[in-house]
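Enquirer:
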Amino acid sequence: MTMKPSYRYLFSSSSKQGLLAQLKRELNWQREVLRIYGRDVPVPRQVAFVANQGLCYRYSGKDHYGEGWPESLLGLKQEAESIAGQVFNAVLLNWYRDGEEYMGWHADDEPSLGPAPVVAMLSLGTQRSFVFRYKQDHKIKHSLELEDGSWLIMSSSVQVLWQHTLPVRKKVKEERISLTFRCLL
7 MTMKPSYRYL FSSSSKQGLL AQLKRELNWQ REVLRIYGRD VPVPRQVAFV ANQGLCYRYS
67 GKDHYGEGWP ESLLGLKQEA ESIAGQVFNA VLLNWYRDGE EYMGWHADDE PSLGPAPVVA
127 MLSLGTQRSF VFRYKQDHKI KHSLELEDGS WLIMSSSVQV LWQHTLPVRK KVKEERISLT
187 FRCLL
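Mapping to my numbering: the sequence shown position 63 is 69, numbers consecutive.
(1) Just list the residues that DSSP pairs Phe-55 with in beta bridges.
(2) Using CA atoms only, rank isn't needed, just tell me which of Glu-151, Gly-105, Tyr-71, Leu-98 is closest to Lys-83.
(3) Using CA coordinates, which residue listed in Tyr-13, Leu-190, Met-9, Pro-173 is at the minimum distance from Ile-89?
(4) Taking the alpha carbon of Arg-64 as the point to measure from, which residue in Arg-182, Ser-163, Asp-114 has its own alpha carbon closest?
(5) From which residue to which residue does the alpha helix (DSSP H) around Glu-151 run?
(6) Between which two residues does the beta strand (DSSP E) holding Ala-126 run?
(7) Could you name the residues of the same chain whose beta carbon sits closer than 6 angstroms to that of His-170, not counting the 5 residues immediately before and after it, in chain order?
(8) How long is the line joining the alpha carbons of Ser-161 and Gln-92, rounded to whole angstroms?
(9) Pair every Cβ in the region 121 to 134 with every Cβ in the region 48 to 62, then say whether three or more of these pairs are closer than 8 angstroms.
(10) In whole angstroms, give me the CA-to-CA distance for Leu-33 and Arg-182.
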């Protein structure tokens, strides 16, 4: 029996043309620096956080505060909620300028997300590999190619049982933005 994370992968019915450039222009992007083993390490991507006014999302020792939703994201929020069948009050965006920028192995399992969160991710830009590995046996992996305009809905069991990564792909020269919709408690 082959294990597979519980997710749905689908393409959007609405056009996302021009959205990547608009998000790059409109949002407050930051290159975070994390303190690891006593030294500051720049994060290999830029991030932006949008959420309901006053919400705080803490991960990797960093606090991110919601200031409300810009018009450009309200339609996407509604689309994410419709596809996932869940209400979301925050979105974390990651901007990868090329295949050298990445996200390491992790699970979206911060206490502020609850015990088994649903995450809806929209991919914009160049196609990139997205890889899952089973927490109890790292040899068990599952990979899929995230295409421009595609949605990945990770069910509640995914963060409990699996980790995921967007690995380095040195041959990829184009950019990508992922929007990960979440519900903070």
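Cβ atoms here follow ideal geometry from the backbone N, Cα and C, with glycine treated the same way.
Expert: Per the coordinate set shown:
(1) For Phe-55, the beta-bridge partners assigned by DSSP are Leu-98.
(2) Leu-98 is the residue among Glu-151, Gly-105, Tyr-71, Leu-98 whose C-alpha sits nearest the C-alpha of Lys-83.
(3) Ranking the options by Cα distance to Ile-89, first place goes to Tyr-13.
(4) Residue Asp-114 is the option with its Cα nearest to Arg-64.
(5) Premise fails: Glu-151 lies in the beta strand (DSSP E), 143 to 152, not in any alpha helix (DSSP H).
(6) Its beta strand (DSSP E) spans residues 125 to 131.
(7) Excluding residues within five positions, the ones whose Cβ falls inside 6 angstroms are Phe-138.
(8) C-alpha separation (whole angstroms): 11 angstroms.
(9) In short, these stretches do not touch, since the Cβ pair count stays below three.
(10) Those two C-alpha atoms are separated by around 15 angstroms.
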